[in-house]
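Residue numbers (the working numbering): 34 to 469.
Just so it is clear, CB atoms sit at the ideal spot from N, CA and C, and this is done for glycine as well.
Here the structure is a predicted model, which is why all the values come from computation and not from measurement.
Quick notes on the structure that follows.
In structure tokens:
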């Protein structure tokens, strides 16, 4: 049996206070025919999902037109003076813009082969993120920077003490602006050249390839690297890779020029309220309170916890369990949030970290409470598997997941064996299959 359910939102809509746990289905947030949302609407997130909200709502409160000078503008309808959308994003970033690619289809072993990766595993069986970055990311990114004429960055990344976090900081700085919309306006000029002249942005393409490859080996990472990846790397990656098409950027800028949209940086905490959605925003150690008649969570699908798994009979029988990954070092000296500390489990003298999602092996078979593989049930739902497969975004990752499952079936039938769930064997499929 294959479990391939779609999105699963942990929270419920609270229509009385105007809170929506997701934008989907989109019709629930749209005004009734002949009416308008003549008030300020908030979104959690400034991603492509937030843009879907922005696009749908703005087109019901005005129209986009190209004026005589060729400028794309927004003209609000009468009676929508107070309609406005405020997007809340932790860093105050808008997405990077669509870019031309030399190799638009991702490939797991494009920048290194399987043997090289397994040679990088340490004596304890870990592939650390620092090793992965130094051995595989640095050479590929240095070449990419050279192709992009970023010579200084190409040399800098080759420094022995240059880390993955340094890379994120350096590249994020190139996307930081006092005004995110004006920054997007400037980036649009570069993006248009990239697309119109078929000029790839190689470093973005390469980092996507490298993280795609890491995703399908993520069970080799120690717990501290899982924590670091989610806390320090993921938001940057999603901002870069989930690129916004240029026509969508034109919509945002037209709304900005019409004073119908803005972005507020800071961490959002949604508070209890009755008649409005009340949020607390923390930015630069300062708090502010915002009230919204309508507030839409556009932060996207996150991995669920076992207690929210849709088939609770499998949980009760012990077939579905929470994944736990081993720490390489004693975590008691780490700087962790309270939430992260609560996920640390000590078994005798060994420390584990509890990931979100459910426990599966490399063939997506369930792993039960005793650590045994349940071959009869495979779960490929992103909401369930993304604890152990954190970078499984986009249609290609979905396709690759299906390819891995089916290729493993074929191998098992051909060899008259059971399904192999060990990464060392499953990764042979990665290497042999031209679709991966």
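*What's the gap between the Cα of residue 204 and the Cα of residue 78?*
Taking the first residue of the chain shown as position 1, residue 204 is located at position 171. Taking the first residue of the chain shown as position 1, residue 78 is located at position 45. Going by the C-alpha atoms only, they are around 21 Å apart.
_Quick check: does the Cβ of residue 145 come within less than 7 Å of any heavy atom belonging to the ligand PLP?_
The model on display carries no ligand, and the ligand PLP is accordingly not part of it.
*Which full runs of the beta strand (DSSP E) of 3+ residues lie inside the region 60-139, going along the chain?*
For the region 60-139, whole beta strand (DSSP E) runs of length 3 or above, ordered along the chain, are 73-77, 95-99, 105-109 and 117-122.
*Between residue 351 and residue 44, what straight-line distance do the alpha-carbon atoms span, to the nearest angstrom?*
Mapped onto the chain shown, residue 351 falls at position 318. Mapped onto the chain shown, residue 44 falls at position 11. Roughly 25 Å between the two C-alpha positions.
*C-alpha distance - residue 307 paired with residue 70, whole-angstrom precision*: Position 274 of the chain shown, counted from the first residue, corresponds to residue 307. Position 37 of the chain shown, counted from the first residue, corresponds to residue 70. It is roughly 19 Å from the alpha-carbon of residue 307 to the alpha-carbon of residue 70.
_So, does the region 377-393 touch the region 344-358, judging by three or more C-beta pairs under 8 Å?_
Touching, yes, given that three or more Cβ pairs across the two stretches are closer than 8 Å.
_Just to confirm before moving on: does the CB-CB distance between residue 37 and residue 414 stay below 8 Å?_
Within the chain shown, residue 37 is the residue found at index 4, counting from 1. Within the chain shown, residue 414 is the residue found at index 381, counting from 1. Closer than 8 Å, so yes.
*Tell me whether residue 305 is buried or exposed, calling it buried when 16 or more other Cβ atoms sit within 10 Å of its Cβ.*
Taking the first residue of the chain shown as position 1, residue 305 is located at position 272. By the beta-carbon neighbour count (other beta carbons within 10 angstroms, threshold 16), residue 305 is exposed.
*Decide if residue 443 is buried, meaning its Cβ has at least 16 other Cβ atoms within 10 Å, or exposed.*
Within the chain shown, the letter at position 410 stands for residue 443. Exposed, by the Cβ-count rule.
*asked:* According to DSSP, residue 472 sits in a beta bridge with which residue or residues?
replied: The requested residue 472 does not occur in the structure, where the chain is confined to residues 34 to 469.
*Starting from the C-beta of residue 412, find all residues in its chain whose C-beta is less than 7 Å away, skip the five residues before and the five after it, and write them out in chain order.*
Here residue 412 corresponds to residue number 379 of the chain shown, with the count starting at 1. The residues are 36, 391, 393, 397, 399 and 418.
*Taking residue 123 and residue 298 to be in contact with their CB atoms under 8 Å, please state how far apart those CB atoms are, rounded to whole angstroms.*
Along the chain shown, one-based indexing puts residue 123 at 90. Along the chain shown, one-based indexing puts residue 298 at 265. Going by Cβ atoms, the distance from residue 123 to residue 298 rounds to 7 Å, so yes, they are a contact pair.
*Reduced DSSP category for residue 161 - H, G, I as helix; E, B as strand; rest coil*: In the chain shown, counting from the first residue as 1, residue 161 sits at position 128. Three-state DSSP puts residue 161 in coil, outside helix and strand.
*Flag this pair as touching only if the region 162-176 and the region 229-244 have three or more C-beta atom pairs under 8 Å; answer yes or no.*
Taking one beta carbon from each stretch, the region 162-176 and the region 229-244 have 3 or more pairs nearer than 8 Å; the two touch.
*asked:* Assuming residue 400 is part of the beta strand (DSSP E), what are its boundary residues?
replied: For this step, residue 400 is matched to residue 367 along the chain shown. Unbroken beta strand (DSSP E) run through residue 400: 398-400.
*Residue from 259, 303 and 425 with nearest C-alpha to residue 360*: Looking up residue 360 in the chain shown gives position 327. Checking every option, the nearest Cα to that of residue 360 belongs to 259.
*Output yes if chain B places a C-beta closer than 8 Å to the C-beta of residue 163; else output no.*
The chain labelled as chain B is not found in the depicted structure, where only one protein chain is given.
*Contact check, residue 227 vs residue 133 under 8 Å by CB: the rounded distance?*
Taking the chain shown and counting its residues from 1, the one referred to as residue 227 is at position 194. Taking the chain shown and counting its residues from 1, the one referred to as residue 133 is at position 100. Contact between residue 227 and residue 133 holds, with the beta-carbon distance rounding to 5 Å and staying under 8 Å.
*Output the residue ranges of the beta strand (DSSP E) runs that lie fully inside the region 290-357 and measure 3 residues or longer, sorted by chain position.*
DSSP runs (the beta strand (DSSP E)) wholly in the region 290-357: 294-298, 300-304, 310-316, 319-325 and 327-330.
*residue 453: buried (16+ other C-beta within 10 angstroms of its C-beta) or exposed?*
For this step, residue 453 is matched to residue 420 along the chain shown. Under this definition residue 453 is a buried residue.
*Meets three-Cβ-pair contact criterion under 8 Å: the region 362-379 and the region 103-123*: Counting Cβ pairs under 8 Å, fewer than three are found: no touch.
*Under 8 Å, do residue 147 and residue 464 count as touching if we go by C-beta distance?*
As a first step, residue 147 must be located in the chain shown, where it is residue number 114. As a first step, residue 464 must be located in the chain shown, where it is residue number 431. For residue 147 and residue 464, yes; Cβs fall inside 8 Å.
*Nearest CA to the CA of residue 125: which residue from 448, 334 and 76?*
Numbered from its first residue, the chain shown carries residue 125 at position 92. Checking every option, the nearest Cα to that of residue 125 belongs to 76.
*Alpha-carbon spacing of residue 295 relative to residue 214, whole angstroms*: In the chain shown, residue 295 corresponds to position 262, counting from 1. In the chain shown, residue 214 corresponds to position 181, counting from 1. In this model, residue 295 and residue 214 are separated by some 8 Å (Cα to Cα).
_Closest to residue 309 by C-alpha separation, out of 342, 47 and 425, would be which residue?_
Translated into positions along the chain shown, residue 309 becomes position 276. Checking every option, the nearest Cα to that of residue 309 belongs to 47.
*asked:* By the three-class DSSP mapping on this structure, what secondary structure does residue 360 have?
replied: As a first step, residue 360 is located in the chain shown; it is residue number 327 there, counting from the start. In the structure shown, residue 360 sits in coil (DSSP, three-state: anything other than H, G, I, E or B).
*Which runs of the beta strand (DSSP E) fall wholly inside the region 239-298 and span at least 3 residues, in chain order?*
Considered as a whole, the region 239-298 harbours 294-298 as its complete beta strand (DSSP E) runs of no fewer than 3 residues, in chain order.
*asked:* Once the 5 residues before and after residue 248 are set aside, which same chain residues still bring their CB inside 8 Å of it?
replied: Residue 248 sits at position 215 when you count from the first residue of the chain shown. Leaving aside the five residues that flank residue 248 on each side, the residues in its chain whose CB is nearer than 8 Å to its CB run, in chain order, 422, 423, 424, 425 and 430.
*asked:* Can you tell me whether residue 28 is buried or exposed? The criterion is at least 16 other CB atoms within 10 Å of its CB, across all chains shown.
replied: No answer is possible for residue 28: the residues shown for the chain start at 34 and end at 469.
_Am I right that residue 269 and residue 201 are in contact with their C-beta atoms under 8 Å? What's the rounded C-beta distance?_
On the chain shown, position 236 is the one that residue 269 refers to. On the chain shown, position 168 is the one that residue 201 refers to. That pair is a contact at about 5 Å.
*Which stretch, first to last residue, makes up the beta strand (DSSP E) that contains residue 377?*
Translated into positions along the chain shown, residue 377 becomes position 344. Taken as a continuous stretch (DSSP letters only), the beta strand (DSSP E) holding residue 377 covers 377-380.
*How long is the line joining the alpha carbons of residue 478 and residue 67, rounded to whole angstroms?*
A question about residue 478 goes unanswered here, because the residues of the chain that appear run from 34 up to 469.
*Put residue 195 into one of helix, strand or coil per three-state DSSP.*
The residue labelled residue 195 in the question sits at position 162 within the chain shown. Coil, per DSSP.
*Evaluate contact between the region 319-334 and the region 150-164, counting only Cβ atoms and requiring at least three cross-stretch pairs below 8 Å.*
Too few Cβ pairs lie closer than 8 Å, so no.
*Where does residue 184 sit, in a helix, a strand or coil, going by DSSP?*
On the chain shown, residue 184 is found 151 positions in, with the first residue counted as 1. Three-state result, residue 184: helix.
*Looking at residue 159 and residue 253, is the spacing between their C-beta atoms short of 8 Å?*
Here residue 253 refers to the residue found at position 220 when the chain shown is read from its first residue. Here residue 159 refers to the residue found at position 126 when the chain shown is read from its first residue. With respect to the 8 Å criterion, residue 253 and residue 159 are classified as neighbours on the basis of their beta carbons.
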